[in-house]
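The sequence shown finishes on residue 166 if you use our numbering, and the numbering steps up by one all the way, no holes.
For each residue, glycine too, the CB sits at the ideal point set by N, CA and C.
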Amino acid sequence: MFAHLHTHSEYSLLDGLSTIPDLVARAKALGQDALAITDHGALYGALKFYEEARANELNPIIGLEAYVAPGSRLERNPSERT
85 MFAHLHTHSE YSLLDGLSTI PDLVARAKAL GQDALAITDH GALYGALKFY
135 EEARANELNP IIGLEAYVAP GSRLERNPSE RT
């Protein structure tokens, strides 16, 4: 069965709009048996999503869209890099 694996909720600032109950209801209405939440850089909605999905007999898939960059944000000048 198909499941969306790249879904943003209202917890993805400037990228997600849907509330978790709305996402779960839509997945359920489409006959899906699982749904993923992959918000940007945070897991603020993970518990709410898990509880809402389980209450609606959906398998929750908790993910995170993260970014990886070389070096450290704490480095001040190029000579400090190793």
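Inset, instruction - Along the beta strand (DSSP E) that carries D123, what are the first and last residues, could you check? - result: Annotation for D123: the continuous beta strand (DSSP E) segment containing it runs 118 to 124.
Inset, instruction - Along the beta strand (DSSP E) that carries P144, what are the first and last residues, could you check? - result: DSSP places P144 inside the beta strand (DSSP E), whose first and last residues are 143 to 149.
Inset, instruction - Could you say which of L158, P144, G155 lies nearest to H90 if we only look at CA atoms? - result: Nearest C-alpha to H90 among L158, P144, G155: P144.
Legend entry - Residue of K112, H92, L148 minimising C-alpha distance to T103: Closest by alpha carbon: H92.
Legend entry - Integer-rounded CB distance, given that D123 should sit under 8 Å from G115: Not a contact, Cβ separation roughly 24 Å.
Legend entry - Residue closest to L97, alpha-carbon to alpha-carbon, out of A126, L131, A153: Checking every option, the nearest Cα to that of L97 belongs to A126.
Legend entry - Distance, I121 Cα to L148 Cα: Computed Cα separation, rounded: 7 Å.
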